[in-house]
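Going from the sequence shown to the numbering used here is simple: count from 1 and add 34. Note that the Cβ used here is the ideal one computed from N, Cα and C, for glycine as well. Taking it in order: structure first as structure tokens, then the write-up.
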Amino acid sequence: MSYSFDPKLLKAAVYGANDGIVTTFAVVAGVAGAHLATNVVIILGIANRLY
């Protein structure tokens, strides 16, 4: 069995994970900055992760 490592795959995985984290933080920070209720902030953060 031969295994070859593709650095492009690791780069794409790291970029995708980082993009998801930053996007979720931006949504939660924006909603919290609008002074909405805490439960709305939590719901929108979860919805962003699921979408």
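Next on the checklist: Tell me the rounded alpha-carbon separation between D53 and F39.
Outcome noted: Your numbering for residue 53 matches position 19 in the sequence shown. Your numbering for residue 39 matches position 5 in the sequence shown. Roughly 23 Å between the two C-alpha positions.
Checklist entry - Are the Cβ atoms of G79 and V61 separated by less than 8 Å? => result Your numbering for residue 79 matches position 45 in the sequence shown. Your numbering for residue 61 matches position 27 in the sequence shown. Against a cut-off of 8 Å, the Cβ pair of V61 and G79 comes out as a contact.
Next on the checklist: Using C-beta distances below 6 Å, list every residue in its chain close to V65, excluding the 5 sequence neighbours before and after it, in chain order.
Outcome noted: Position 31 of the sequence shown, counted from the first residue, corresponds to residue 65. The answer, listed in chain order, is V75, L78.
Next on the checklist: Using CA atoms only, rank isn't needed, just tell me which of V56, T72, L70 is closest to N82.
Outcome noted: The count along the sequence shown starts at 1 and reaches residue 82 at position 48. When each option's Cα is compared against that of N82, the closest is V56.
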